[in-house]
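Enquirer: In the working numbering, the protein residues as written are 2 to 279. Glycine residues also receive a C-beta, built at the ideal position from the N, C-alpha and C atoms.
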Amino acid sequence: MIDRPLLAITRRSLSEAGIRPSRFHGQNYVVDPELVRTIVESAEISVDETVLEIGPGVGTLTREIAGRARRVIAVEKDPASARYLRAKFSGSNVEVIQGDVLRLEIPETDKVISNLPYSISTPITFKLLYSKWFRFGVLTYQKEVAERLLSQPSDPEYSRLSVAVALLAEVRAVSDFPPESFYPAPRVSSTVVMLKRKTQAEDFDKGTLDATLKFLFSQRRRTLRKALETFSKISGGRRAEIDAKIRSEMLEKRVFELSPRDFIEISRAFAEQEGRGC
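1. Would you list, in sequence order, the uninterrupted alpha helix (DSSP H) runs of no fewer than 4 residues that lie entirely inside the segment 9–80?
2. The beta strand (DSSP E) that contains Thr192, what's its start and end?
3. Inspect the beta-carbon positions of Tyr142 and Leu103 and report whether they are closer than 8 Å.
4. For the segment 200–209 against the segment 171–189, are there 3 or more C-beta pairs whose distance is under 8 Å?
5. Who are the near neighbours of Asp244 in its chain, counting only those whose CB is closer than 8 Å to its CB and skipping five residues on each side?
6. Run through DSSP, which three-state label would Gly208 get?
7. If we require 4 or more residues per run, which alpha helix (DSSP H) segments fall completely within the segment 146–191?
8. Note down, in chain order, each residue of its chain lying with its Cβ closer than 7 Å to the Cβ of Ile66, except the 5 sequence neighbours on either side.
9. Look up Lys112 in the DSSP assignment and say whether it is helix, strand or coil.
10. Is the beta carbon of Leu168 less than 8 Å from the beta carbon of Ala202?
11. Please name the residue, chosen from Phe218, Val97 and Ser249, that lies closest to Pro157 on a Cα-to-Cα basis.
12. Thr123 lies in the alpha helix (DSSP H); which residues open and close that run?
13. Taking 7 Å as the cut-off, is the CB of Leu7 close to at least one heavy atom of the ligand NAD?
14. By how many angstroms is the C-alpha of Asp4 removed from the C-alpha of Val95?
15. Is it right to say Ile235 is buried, meaning 16 or more other beta carbons lie within 10 angstroms of its own, or is it exposed?
16. Taking the beta strand (DSSP E) that Cys258 belongs to, which residues open and close that run?
17. Under 8 Å between the Cβ atoms of Ile267 and Ile247?
18. If contacts are defined as beta-carbon pairs under 8 Å, then Ala165 and Phe127 qualify, I think. What distance do you get, rounded to the angstrom?
19. How big is the Cα-Cα spacing for Tyr184 and Tyr119?
20. In chain order, what residues of the same chain lie with their CB nearer than 8 Å to the CB of Lys144, ignoring the 5 residues before and after it?
21. Excluding the five sequence neighbours on either side, which residues of its own chain have a C-beta within less than 8 Å of the C-beta of Leu129, listed in chain order?
22. Spatial neighbours of Val59 within its chain, please: C-beta separation below 7 Å, excluding the five flanking residues on both sides.
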């Protein structure tokens, strides 16, 4: 259901800021009060908390966050939006940073909130998960990406992202929203998702794991044994030594059937081989 008053406000704000929304850059502005309410209530913001908002746009969600938090750090890539937001929230508890969040250090905050730009939602998620400061987030994803966050081994959507999320965070889908919740309306539905960092996540080298996931999921339908043959050829490693470090029952599984814990085991075997200069 389109909220015409909020749609009119959003259009006027975009005009004042000199912004022409770009589908290519995933610029879709929330015009659904129910979506705003769902995000803010799911975040359970306290008056002593600092919240990072990624991609605040024209500040529709920012205003609601600022009314609940001690401080808001709003990171906006678009220069026109950043100028508009600085003027709109001048003298308030909102600090606007103009820059690309993928190139910036994630600041120390209590929570992260975002209607994520669809075009970069996956790399932003990895950046948050691998940041030492990330604790809790309420994020809006393209529904297809949200399904990958929640997928299990052997699911069609099971991916590198699924594994990283399973190892590092607890994830819950909150609610779906139709394309009309945004202006301009995207071609897909969206899902609000809660991510909470696991307090007792297994210790592993995130860089090595990520490299392992990228390599293996490029061959997701091959058996692990076949994938390891390719790895040995590329790295110059001795395949028998790699196989010996991995449980035999894993070798005949296809990559998309491996559990998140399996990938940690494989990444450690890869790291040992590289450490020997093979």
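Expert: On the basis of the coordinates in this document:
1. 34–44 and 61–67
2. Ser191 to Arg198
3. no
4. no
5. Contacts found: Arg226, Leu229 and Leu252.
6. helix
7. 161–169
8. Hits under 7 Å: Val41, Ile46, Val52, Glu54, Val73 and Ile114.
9. Residue state, collapsed to three classes: strand.
10. yes
11. Of all alpha-carbon atoms in Phe218, Val97 and Ser249, the one lying nearest the alpha-carbon of Pro157 is that of Phe218.
12. Ser122 to Tyr131
13. Here there are no bound small molecules, and the ligand NAD is not part of this structure.
14. Those two C-alpha atoms are separated by around 26 Å.
15. exposed
16. According to the sequence displayed, residue 258 carries Glu and not Cys. Where Glu258 is concerned, there is no enclosing beta strand (DSSP E), given that its DSSP letter is neither H nor E.
17. yes
18. 6 Å
19. 14 Å
20. Asp177, Val189, Ser190, Ser191 and Thr192
21. Ile107, Val113, Phe135, Gly138 and Leu196
22. Thr11, Ser14, Leu15, Ala18, Tyr30, Ser82 and Tyr85
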